[in-house]
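Input: a single structure, listed below in structure tokens.
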Amino acid sequence: MAADPARLDHDHLWHPFTQQQGWSEEAPLVIERGEGSYVIDVEGRRYIDGNASLWCNVHGHRHPVIDAAIRDQIDRISHSTMLGLSHPGAAELAARLVAIAPPGLSRVFYSDSGSTAAEIALKMAFQYQQQRGERGRRTFVRLREAYHGDTIGSVSVGGIDLFHATYQPLLFETHAAEPGNAADMERVLDAYADEVAAVIVEPLVQGAAGMIVHPPGYLRAVRELCDRHGVLLICDEVATGFGRTGTMFACEQEGVVPDFMCLAKGITGGYLPLAATLTTEAVYEGFLGAPEEQRTFYHGHTYTGNALACAAALANLDVFESERTLERLQPKIALLEELLAGIAALPEVSAVRSRGFMVAIDLNDHSAALRMGHRVTNEARERGAIIRPLGNTVVIVPPLSISEQELRTLMTICADSIQAAIASQLHQTA
Ligand SMILES: *Cc1c(COP(=O)(O)O)cnc(C)c1O
220 MAADPARLDH DHLWHPFTQQ QGWSEEAPLV IERGEGSYVI DVEGRRYIDG NASLWCNVHG
280 HRHPVIDAAI RDQIDRISHS TMLGLSHPGA AELAARLVAI APPGLSRVFY SDSGSTAAEI
340 ALKMAFQYQQ QRGERGRRTF VRLREAYHGD TIGSVSVGGI DLFHATYQPL LFETHAAEPG
400 NAADMERVLD AYADEVAAVI VEPLVQGAAG MIVHPPGYLR AVRELCDRHG VLLICDEVAT
460 GFGRTGTMFA CEQEGVVPDF MCLAKGITGG YLPLAATLTT EAVYEGFLGA PEEQRTFYHG
520 HTYTGNALAC AAALANLDVF ESERTLERLQ PKIALLEELL AGIAALPEVS AVRSRGFMVA
580 IDLNDHSAAL RMGHRVTNEA RERGAIIRPL GNTVVIVPPL SISEQELRTL MTICADSIQA
640 AIASQLHQTA
């Protein structure tokens, strides 16, 4: 008899961003298969994947084109190193990323997660400034409530106290600016620009903060302030990239070309770990020189530019073209906004924020102990959808390929689950 995965999980696993004490008291939902917008558990129950497997699935699960591309690559080679060797998939993908990126981003440095993509941009920006003689530029400007990953460097430029405060003594110093407030960015740069190597932002939407949406013109203004002060701009498109906000990259919507663009989550269509940090020829050239000049970028991860991941990423871009994903997304964004207007009107809901296919629904104030977001998640499961809360906020991030019918079902489940969770709570406390 096969071992029970739920039992093995409780005996041996430790889950990310999870208080294991609560986890071990509930039966885990064990996903065995996927199909389009659905994930399917070991009992054969189907759930709409309302968080796109943590914001990374793009064209649905088991997409035949991406599946075939990975199989095809397996038959040649699954991994060879990028340190001292190249391979066709990595080279072709670099060219295709450059072709779709904002103009001027011409160089691609691979890694394997969003956190490393951000760390690499920080290290490159720092080293670039040092090497061009700007030795005083040793720090960074970040936004409050920012999220750029969980490694120590990316946590240093993060601003979500719940996740980041514990590590304060381990972090390097930064200057913080108010999200979406250009005047505050101007204040910070006027005061500290001489010591700043780069500003790092999540363009248009701060995802992990609960979808903080910046006002129109903000990103443009940040770009202009950076230019005025000789400061580099890092746009972390790990969450917003690959269509999430309605365009391939969020930067496009403000006509902004950053000095660094970080990509991960959607890059392989949600199949395999891969990340890329794109930068300009100017930054790249700042690292050129004879070995003894010590301008080399000494950074690299073992699985950087993995061949299977690059094959998946190329197929992901093929599907964007063959299925006209972005074009077909627009009416679905309009439908989602219409459905959200209904949810915003619920008495249990205090605010709704969205940009493209990134949605946050704030529940009315409840004490954290009630774990209201968690209750909504459980209610949604019973109704056939996977969603994941951030505290009292319900977050919805569907695959871009979701059908209009599936989107309607997902949002109905979401509304019903919010009402059921709050009704059951009132019932318990009455
Ligand atoms: C998810 C995320 C990251 C971290 O990516 P990982 O692959 O989880 O390390 C970084 N930046 C942003 C904006 C993200 O949403």
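Going by this note's numbering, the sequence shown opens with residue 220, and the numbers climb by one from there.
C-beta: ideal position from N, C-alpha, C; glycine also.
Alpha-carbon to alpha-carbon, residue j and residue i
{"i": "D455", "j": "P422", "result": "7 Å"}
{"i": "E473", "j": "D446", "result": "15 Å"}
{"i": "D537", "j": "D413", "result": "44 Å"}
{"i": "G352", "j": "T498", "result": "19 Å"}
{"i": "P435", "j": "D223", "result": "51 Å"}
{"i": "A639", "j": "Q292", "result": "47 Å"}
{"i": "T464", "j": "G488", "result": "15 Å"}
{"i": "L555", "j": "I605", "result": "17 Å"}
{"i": "H593", "j": "Y522", "result": "35 Å"}
{"i": "R547", "j": "A318", "result": "21 Å"}
{"i": "M591", "j": "P510", "result": "57 Å"}
{"i": "P283", "j": "P307", "result": "22 Å"}
{"i": "Y490", "j": "L565", "result": "36 Å"}
Contact under 7 Å by Cβ, residue i with residue j
{"i": "V376", "j": "I339", "result": "no"}
{"i": "M374", "j": "V415", "result": "Note on residue identity: the sequence assigns Val, not Met, to residue 374. It is not a contact, given that the beta carbons lie outside the stated cut-off."}
{"i": "V277", "j": "L619", "result": "yes"}
{"i": "G519", "j": "L302", "result": "yes"}
{"i": "M467", "j": "R572", "result": "no"}
{"i": "R281", "j": "G263", "result": "no"}
{"i": "I637", "j": "E557", "result": "no"}
{"i": "P617", "j": "G269", "result": "yes"}
{"i": "A336", "j": "C481", "result": "yes"}
{"i": "A570", "j": "D581", "result": "yes"}
{"i": "I632", "j": "R602", "result": "yes"}
N-terminal and C-terminal residue of the alpha helix (DSSP H) that residue i is part of
{"i": "I419", "result": "No alpha helix (DSSP H) holds I419; the beta strand (DSSP E) holding it covers V415 to V420."}
{"i": "G372", "result": "I371 to S375"}
{"i": "D537", "result": "A526 to S541"}
{"i": "L444", "result": "Y437 to H448"}
{"i": "M284", "result": "The identity of residue 284 in the sequence shown is Val, whereas the question assumes Met. Residues P283 to I293."}
{"i": "D228", "result": "P224 to H231"}
Cβ-Cβ separation, residue j to residue i (assumed contact under 8 Å), whole Å
{"i": "M343", "j": "V457", "result": "Actually they do not touch by this definition, with Cβ atoms about 16 Å apart."}
{"i": "A287", "j": "E364", "result": "At roughly 41 Å, the Cβ-Cβ gap does not stay under 8 Å, so A287 and E364 are not in contact."}
{"i": "V360", "j": "T393", "result": "7 Å"}
{"i": "A634", "j": "G610", "result": "Actually they are not in contact, since the Cβ atoms of A634 and G610 sit about 19 Å apart, beyond 8 Å."}
{"i": "N535", "j": "I285", "result": "6 Å"}
{"i": "G399", "j": "H433", "result": "4 Å"}
{"i": "R600", "j": "Y266", "result": "7 Å"}
Range covered by the beta strand (DSSP E) that runs through residue i
{"i": "H394", "result": "T393 to A396"}
{"i": "T498", "result": "A494 to T499"}
{"i": "Y411", "result": "No beta strand (DSSP E) contains Y411, which is instead part of the alpha helix (DSSP H) from A401 to Y411."}
{"i": "I552", "result": "Taken as a continuous stretch (DSSP letters only), I552 belongs to no beta strand (DSSP E), being part of the alpha helix (DSSP H) at T544 to A563."}
{"i": "R265", "result": "R265 to D268"}
Please specify which runs of the beta strand (DSSP E), each continuous and at least 3 residues long, are wholly inside the region 301 to 389, giving them in chain order. Entirely contained in the region 301 to 389, the beta strand (DSSP E) runs reaching 3 residues are, in chain order, 324 to 330 and 358 to 362.
At 3 residues or longer, what runs of the beta strand (DSSP E) sit wholly inside the region 575 to 608? 577 to 582
I'd like the ranges of any beta strand (DSSP E) spanning at least 3 consecutive residues and lying wholly in the region 236 to 260. 250 to 254 and 257 to 260
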